[in-house]
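Colleague: Here it is: the structure, laid out below.
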Amino acid sequence: MRIDVVTIFPEYLAPLDLSLIGKARRDGILDLHVHDLRTWTHDRHRTVDDTPLGGGAGMVMKPEPWAEAFAAVLSAGREAQGADAHPLIIFPNPAGAPFAQATAQDWSQREWLVLACGRYEGIDERVYEHLADQGHEVALVSLGDYVLNGGEVAVLAITEAVVRLIPGVVGNAASLVEESHSDGLLEYPLYTRPASWTDPAGTVREAPPILLSGDHGRIAAWRREQSRRRTRERRPDLLPADDEGPAPLG
Ligand code: ADE
């Protein structure tokens, strides 16, 4: 997969050299290019923003550097990926559609993503219109109902969520199947050795004995029930309307 990121803070993306994503780059699974939006400014101050038309607080990102950036990045990408390569252009934005595991799964199958980091109050609306008019697929996505200072942190999160789903990035593919959100539920509670642990306050805490039973069928059923119970408690919005409610204890 090729990913291009356009930002005014290229250093913000440095963590993408680390851990599994860094390894995916070194292994040639991820071809990541980070671009400084100011490359496509032409004034002494390398200006990317201006005051909002109509008045109001803050600053708005100017359309010209963005249009030039997309022209250059898309043309370089087409050169590398082939003339008929189609990028998905993604703008993290608190006013976007929710980014969820299903989105990550969908995007992990794409060959080319272009992630554009807005700053200040946002980007001039005509940039989106221009890209759509050019026939590009454009997606505005939000990480959640809160406001970040810019798209960079969202790009880190989106890139990690997407790239880890590409085959070969996470060593044990089975771990992707059982994790939270992969089947619409939260993951069941996890335990490791020692099975009996005395915490620093002196309380002895036992792992659920069923996990030591060796009965894989009963363990799977217990985990499914724990997932449902946890989802009901913490994220009832994720459950289907016909969920049966708590199973009897015991
Ligand atoms: N940029 C600023 N806030 C954001 C959010 N909540 N999600 C995605 N991008 C953002």
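For what it's worth, the working numbering labels the leading residue of the sequence shown as 513, then goes sequentially.
The beta-carbon is built from N, C-alpha and C at its ideal position, and this holds for glycine as well.
#1: From LEU544 to PHE521, what distance separates their C-alpha atoms?
#2: Taking the C-alpha atoms as reference points, what is the distance between ARG557 and ASP596?
#3: Under DSSP, the beta strand (DSSP E) around HIS728 begins and ends at which residues?
#4: Output the distance between the C-alpha atoms of THR704 and ALA719, rounded to the nearest integer angstrom.
#5: Is GLY656 near the ligand ADE - that is, is its Cβ less than 7 Å away from at least one heavy atom of it?
#6: For SER531, count neighbouring Cβ atoms within 10 angstroms of its own Cβ and tell me buried if that reaches 16, exposed if not.
#7: Taking 8 Å as the threshold, find out whether the segment 596-611 comes into contact with the segment 621-640 through three or more Cβ pairs.
#8: Which of the three DSSP states, helix, strand or coil, is assigned to THR710?
#9: Going by the C-beta, is PRO706 closer than 7 Å to any heavy atom of the ligand ADE?
#10: Step through the CB atoms of chain D and report whether any lies within less than 8 Å of the CB of LEU702.
#11: How about the segment 671-685 and the segment 640-656: do they share at least three Cβ pairs that are nearer than 8 Å?
#12: Since I believe GLU633 is in contact with VAL572 (beta carbons under 8 Å), could you give me their beta-carbon distance rounded to a whole number of angstroms?
#13: Using 8 Å as the cut-off, can you tell me whether the segment 586-593 makes contact with the segment 602-613, which would need three or more C-beta pairs spanning the two stretches below that distance?
#14: CB of GLY663 to nearest heavy atom of the ligand ADE: below 7 Å?
Modeller: Based on what the coordinates show:
#1: For the purposes of this step, residue 544 is taken as the residue at position 32 of the sequence shown. For the purposes of this step, residue 521 is taken as the residue at position 9 of the sequence shown. Cα to Cα, LEU544 sits roughly 15 Å from PHE521.
#2: Locating residue 557 in the sequence shown gives position 45, counting from the first residue. Locating residue 596 in the sequence shown gives position 84, counting from the first residue. This sequence places His at residue 557; Arg is not what is there. Roughly 37 Å between the two C-alpha positions.
#3: In the sequence shown, residue 728 corresponds to position 216, counting from 1. For HIS728, there is no enclosing beta strand (DSSP E); the enclosing alpha helix (DSSP H) covers residues 728-746.
#4: Position 192 of the sequence shown, counted from the first residue, corresponds to residue 704. Position 207 of the sequence shown, counted from the first residue, corresponds to residue 719. One C-alpha to the other measures close to 8 Å.
#5: Here residue 656 corresponds to residue number 144 of the sequence shown, with the count starting at 1. Yes, Cβ of GLY656 sits closer than 7 Å to a heavy atom of the ligand ADE.
#6: To locate residue 531, count along the sequence shown from 1; it is residue 19. Exposed.
#7: Result yes; three or more Cβ-Cβ pairs closer than 8 Å.
#8: The sequence position of residue 710 within the sequence shown is 198, counting from 1. In this structure, THR710 counts as strand in the three-state DSSP scheme.
#9: Here residue 706 corresponds to residue number 194 of the sequence shown, with the count starting at 1. No, Cβ of PRO706 sits at least 7 Å from all heavy atoms of the ligand ADE.
#10: Checking the listed chains, one finds no chain D in this structure; it contains a single protein chain.
#11: Output reads no: the segment 640-656 does not touch the segment 671-685.
#12: By 1-based counting over the sequence shown, the position of residue 572 is 60. By 1-based counting over the sequence shown, the position of residue 633 is 121. Rounded, the Cβ-Cβ distance is 6 Å, consistent with contact.
#13: Not touching, per the Cβ criterion.
#14: Residue 663 sits at position 151 when you count from the first residue of the sequence shown. With a threshold of 7 Å, the Cβ atom of GLY663 counts as near the ligand ADE, since some heavy atom of the ligand is closer than that.
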